[in-house]
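Worksheet for the structure shown next.
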Amino acid sequence: MLLAPPGAKRQPPAPSAGETQRRSLPIFQARGPLLSQLRSLDRAILIGETGSGKTTQIPQYLYEAGIGRQGIIAVTQPRRVAAISLATRVSDEKKTELGKLVGYTVRFEDFTSDETRIKFLTDGMLLREAIGDPLLPNCVMKTHPMGGVLVMFDFSSLNAFP
Ligand SMILES: Nc1ncnc2c1ncn2[C@@H]1O[C@H](COP(=O)(O)OP(=O)(O)OP(=O)(O)O)[C@@H](O)[C@H]1O
Ligand SMILES: [Mg+2]
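Put into structure tokens, the structure is as follows:
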């Protein structure tokens, strides 16, 4: 057994390569202020450079901060290929199997489970779920101070100029 010399400080474990990559994204600098703003606001619009980490990181920040734990953090995408690719990426970053903590729902394909807490879905599927049940029971957080439904709408030029 290797014992540390007396008085030596315990070093926190070095971040993994994936964690280092996540921390290198521009949005990481804004993580703390962003979370405190999101706790106090009931809706927000975030604008950031492409590739800065909005879509892949914010759902993880919310989940890691315990926001949305009682429901599902739903992230909409205009295209099914984007929903699938982002879910795959985020589940890789979380080192979990796709369809467990992180999943996706697109037309004819539901890759989620009871464990899913971050779900990427197309705008169309969100609409379908809302029509099926306007209360969106999976997304409603009854006990969270933020209350209501936590959905991230990912707007882009595709939404603005279809
Ligand atoms: N499916 C993927 N496979 C590999 N890398 C990815 C994937 N999705 C995103 N990334 C990488 O992760 C980083 C953050 O991407 P993210 O999609 O979160 O940015 P964004 O701020 O949402 O950008 P945009 O405004 O273009 O939507 C980028 O460097 C991007 O290249
Ligand atoms: Mg994005």
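Position one of the sequence shown corresponds to residue 1 (UniProt numbering), numbered consecutively onward. Glycine included, each C-beta is placed from N, C-alpha and C at the ideal position.
Under DSSP, the beta strand (DSSP E) around residue i begins and ends at which residues?
| i | result |
| --- | --- |
| Glu-109 | 109 to 111 |
| Ile-118 | 118 to 122 |
| Gly-103 | 102 to 106 |
For ligand 1, I want to know if residue i counts as a neighbour, meaning its beta carbon is within less than 7 Å of at least one of the ligand's heavy atoms.
| i | result |
| --- | --- |
| Arg-23 | no |
| residue 215 | Here the chain has residues from 1 to 162 only, and residue 215 is not among them. |
| Gly-71 | no |
| Ser-16 | no |
| Arg-79 | no |
Give the single residue among the options whose Cα lies nearest to the Cα of residue i.
| i | options | result |
| --- | --- | --- |
| Gln-100 | Ile-47, Ser-113, Val-106 and Ile-72 | Rather than Gln, the amino acid found at residue 100 in this sequence is Lys. The option with the nearest alpha carbon to Lys-100 is Ser-113. |
| Gln-60 | Lys-119, Ala-130 and Gly-132 | Lys-119 |
| Phe-108 | Ala-130, Thr-88, Ile-84 and Lys-94 | Ile-84 |
| Ala-17 | Ile-72, Lys-94 and Asp-42 | Lys-94 |
| Gln-77 | Thr-55, Ile-45 and Ser-24 | Thr-55 |
If you follow the alpha helix (DSSP H) that residue i is part of, which residue opens it and which one closes it?
| i | result |
| --- | --- |
| Gln-77 | First-last for Gln-77: 73 to 77, but that is the beta strand (DSSP E), not the alpha helix (DSSP H). |
| Pro-59 | 54 to 64 |
| Asp-92 | 80 to 93 |
| Glu-19 | 17 to 23 |
| Leu-38 | 31 to 40 |
Who sits around ligand 2, taking every residue whose Cβ is closer than 6 Å to one of its heavy atoms?
Lys-54, Thr-55 and Asp-154
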